[in-house]
Amino acid sequence: MASLDGKVGIGFRMEHARELLERKPECVDWLEIHPENYMHRGGVYPANLKQALRHWPVVTHGLTMGMAAEQPHDVAYLHTLKSLLSDVETPWHSDHLCFASDMGMYAHDLLPMPFNEESLKTVVQRMTEVRDRIDTPIAFENISYYIESPESTLGEPEFIVEALEATDGLLLLDVNNVYVNSKNLGFDPKAWIDLIPADRVIQIHVAGHLIRKDGFRIDTHGEPVCDDVYELLEYTLEHTGPKPVLLERDGNYPPLDALLQELELLKAIVERTKKSSSDATLPGVGVRPESLHQG
Ligand SMILES: [Fe+2]
């Protein structure tokens, strides 16, 4: 599969699947799916996916693994997951840096864990086991959360950097989650981004969130992307260089054309930051010494 760096994608959801497959909009470069929607399932879901695969690269993003859960992995889930990832030929697979299950039960929510050494050991063990079982590069995603654990001994970005190093892992960087947390918990989102090593970022998520009357932000994926998140995306891409960028929408679905307009805005930002990073290699603009000796 050709590199998806600098390409924009959209979540492949049932609400727009048929229209996407019929129109095949040019601005959609790739799709993301949740494997859980396709496991042990017949009918329209696998039929749509088969059709989508003929036209687009598809990347997988899981919902239930939770890279910080302490309970053992569900081996049957991983077995089925491996088979699906292979069918889809996803270049990497991601799930969330959180725990979503305990004592055999699933919370159906992404629950934050304390950022400390104990959690780090759990993440390393879990990531290593997943990687061995699914035989695909694995990334974790930073989540939105609404309270900070009193048991944390590290900040979130410091924890992420340590986890990436310890697991030799990859990060799905959700820019909206960083922004929502920064507003609710009170920190500078750009300083957060600055701490993340660019070469570990494999993919970027962008989404919309809800602002309550009291100003608190809820990560709904059910609103248009706000201007501040577009701006933080631009800042992030200046930091990381071109990456695959995905627009997430998981509720309160507008007509497909409204999402495609958002995708066009994302594409404009991606192209602008691509241009500014290539301009930075021109003499007199911000010379990278090694680039002077090429061709
Ligand atoms: Fe996300």
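8 is the number of the first residue of the sequence shown in the working numbering; add one for each residue after it.
Every residue gets a Cβ at the ideal spot worked out from N, C-alpha and C, and that includes glycine.
*Is DSSP giving F194 helix, strand or coil here?*
Locating residue 194 in the sequence shown gives position 187, where the first residue counts as 1. F194 carries a coil assignment under DSSP once its states are collapsed to helix, strand and coil.
*Pull up the CB-CB distance for L179 and H212, whole angstroms please, since I reckon it's below 8 Å.*
Taking the first residue of the sequence shown as 1, we reach residue 179 at position 172. Taking the first residue of the sequence shown as 1, we reach residue 212 at position 205. L179 to H212, Cβ: 6 Å. Contact.
*From T243 to Q58, what distance separates their C-alpha atoms?*
Numbered from 1 along the sequence shown, position 236 holds the residue referred to as residue 243. Numbered from 1 along the sequence shown, position 51 holds the residue referred to as residue 58. Whole-angstrom Cα-Cα distance: 33 Å.
*Considering only the beta carbon of each residue, do D264 and S151 sit closer than 8 Å?*
Sequence index remark: in the sequence shown, residue 264 carries index 257 (1-based). Sequence index remark: in the sequence shown, residue 151 carries index 144 (1-based). With respect to the 8 Å criterion, D264 and S151 are not classified as neighbours on the basis of their beta carbons.
*Do you know offhand how far I60's Cα is from E96's?*
Here residue 60 refers to the residue found at position 53 of the sequence shown. Here residue 96 refers to the residue found at position 89 of the sequence shown. The question names Ile, but residue 60 in the sequence shown is Leu. Roughly 9 Å between the two C-alpha positions.
*Pick from E278, I209, M46: whose alpha carbon is nearest that of P98?*
On the sequence shown, residue 98 is found 91 positions in, with the first residue counted as 1. Among E278, I209, M46, the Cα nearest to that of P98 belongs to I209.
*State buried or exposed for G215, treating a residue as buried only when at least 16 other CB atoms are found within 10 Å of its CB.*
Residue 215 sits at position 208 when you count from the first residue of the sequence shown. With 16 or more other Cβ atoms within 10 Å, it is buried.
*In this structure, does DSSP put I154 in helix, strand or coil?*
Counting from 1 along the sequence shown, the entry for residue 154 is found at position 147. The answer is coil: DSSP assigns I154 none of H, G, I, E or B.
*For P64, which residues from the same chain have a beta carbon less than 6 Å from its beta carbon, with the 5 sequence-adjacent residues on both sides left out?*
Position 57 of the sequence shown holds residue 64. Closer than 6 Å at Cβ, skipping near neighbours: M8, W37.
*Using 7 Å as the cut-off, classify the Cβ of D181 as near or not near the heavy atoms of ligand 1, replying yes or no.*
As a first step, residue 181 must be located in the sequence shown, where it is residue number 174. Correct: D181 has its Cβ closer than 7 Å to ligand 1.
*What first and last residue would you give for the alpha helix (DSSP H) that runs through S90?*
Mapped onto the sequence shown, residue 90 falls at position 83. From DSSP, the alpha helix (DSSP H) with S90 extends over 82-95.
*Any heavy atom of ligand 1 closer than 7 Å to the CB of A214?*
In the sequence shown, residue 214 corresponds to position 207, counting from 1. Flag set: Cβ of A214 near ligand 1.
*Buried or exposed (CB count within 10 angstroms, at least 16 for buried), S126*: By 1-based counting over the sequence shown, the position of residue 126 is 119. Here S126 is buried: its Cβ has 16 or more other Cβ atoms, across all protein chains shown, within 10 Å.
*Return yes when at least one heavy atom of ligand 3 lies under 7 Å from the C-beta of E148, else no.*
Annotation note on ligand 3: not contained in the displayed structure, which lists ligand 1 as its ligands.
*Determine the closest residue to M134 out of T174, T143, G162, D142, with distance taken between C-alpha atoms.*
Indexing the sequence shown from 1 puts residue 134 at position 127. Ranking T174, T143, G162, D142 by CA distance to the CA of M134 puts T174 first.
_Please report the straight-line C-alpha distance between E271 and Y237, rounded to a whole angstrom._
Taking the sequence shown and counting its residues from 1, one reaches residue 271 at position 264. Taking the sequence shown and counting its residues from 1, one reaches residue 237 at position 230. Between E271 and Y237, the alpha-carbon positions lie close to 12 Å from each other.
_Contacts around E43, its chain only, beta-carbon distance under 8 Å, and the 5 residues preceding and following it disregarded_ = One-based indexing of the sequence shown puts residue 43 at position 36. Sequence-distant Cβ neighbours of E43 in its own chain, meaning closer than 8 Å and more than five residues away, are G69, L70, T71.
*Should L92 and P144 be called a contact, given that it needs their Cβ atoms to be closer than 8 Å?*
Walking along the sequence shown from the start, residue 92 turns up at place 85. Walking along the sequence shown from the start, residue 144 turns up at place 137. No, they are not a contact pair.
*What are the start and end residues of the beta strand (DSSP E) that includes T67?*
Sequence index remark: in the sequence shown, residue 67 carries index 60 (1-based). Bounds of the beta strand (DSSP E) holding T67 are 65-68.
*Buried or exposed: G291, going by 16 or more other Cβ atoms within 10 Å of its Cβ?*
In the sequence shown, residue 291 corresponds to position 284, counting from 1. Low confidence applies here, because G291 scores a pLDDT of 41, under 50, leaving its location unreliable; read the following figure in that light. With fewer than 16 other Cβ atoms within 10 Å, it is exposed.
*asked:* Using a Cβ-Cβ cutoff of less than 8 Å, which residues in the same chain neighbour E124 once the five nearest sequence positions on both sides are dropped?
replied: Counted from its first residue, the sequence shown places residue 124 at position 117. The residues are T160.
*Is any heavy atom in ligand 1 found nearer than 7 Å to the beta carbon of E255?*
In the sequence shown, the residue the question calls residue 255 occupies position 248. Checking the Cβ of E255 against ligand 1 gives yes.
*Find out if the Cβ-Cβ distance for the pair T247, A205 is shorter than 8 Å.*
Indexing the sequence shown from 1 puts residue 247 at position 240. Indexing the sequence shown from 1 puts residue 205 at position 198. Yes; because the gap between Cβ atoms is below 8 Å, this pair is in contact.
*Would you decide whether D286 is buried or exposed? Buried here means 16 or more other CB atoms lie within 10 Å of its CB.*
Within the sequence shown, numbered from 1, the residue matching residue 286 stands at position 279. Residue burial is scored here from C-beta neighbours: D286 has fewer than 16 other C-beta atoms within 10 angstroms and is therefore classed as exposed.
*If you draw a straight line from the C-alpha of I218 to the C-alpha of E155, how long is it?*
What you label residue 218 is simply residue 211 of the sequence shown in a count that begins at 1. What you label residue 155 is simply residue 148 of the sequence shown in a count that begins at 1. The alpha-carbon of I218 is positioned some 20 Å away from that of E155.
*In chain order, which continuous runs of the alpha helix (DSSP H) of length 4 or greater are located wholly inside the segment 218-298?*
If we require 4 residues or more, the alpha helix (DSSP H) runs fully inside the segment 218-298 come out as 234-247, 263-286.
*Just the Cα atoms here: how many angstroms apart are C34 and R224?*
Here residue 34 corresponds to residue number 27 of the sequence shown, with the count starting at 1. Here residue 224 corresponds to residue number 217 of the sequence shown, with the count starting at 1. Distance between the alpha carbons of C34 and R224: 29 Å.
*At a cut-off of 7 Å, is N184 close to ligand 1 when judged by its beta-carbon and the heavy atoms of the ligand?*
Within the sequence shown, the letter at position 177 stands for residue 184. Yes; taking the cut-off as 7 Å, the Cβ of N184 has a heavy atom of ligand 1 nearer than that.
*Provide the residue(s) that pair with L305 in DSSP beta bridges, ordered along the chain.*
With the chain covering only 8 through 302, there is no way to say anything about residue 305.
*CB-CB under 7 Å to E269, same chain, minus the five flanking residues each way: which ones, in chain order?*
The count along the sequence shown starts at 1 and reaches residue 269 at position 262. Its chain contains P231, V232, L254 as the residues whose beta carbon lies nearer than 7 Å to that of E269, once the 5 sequence neighbours on both sides are disregarded; these appear in chain order.
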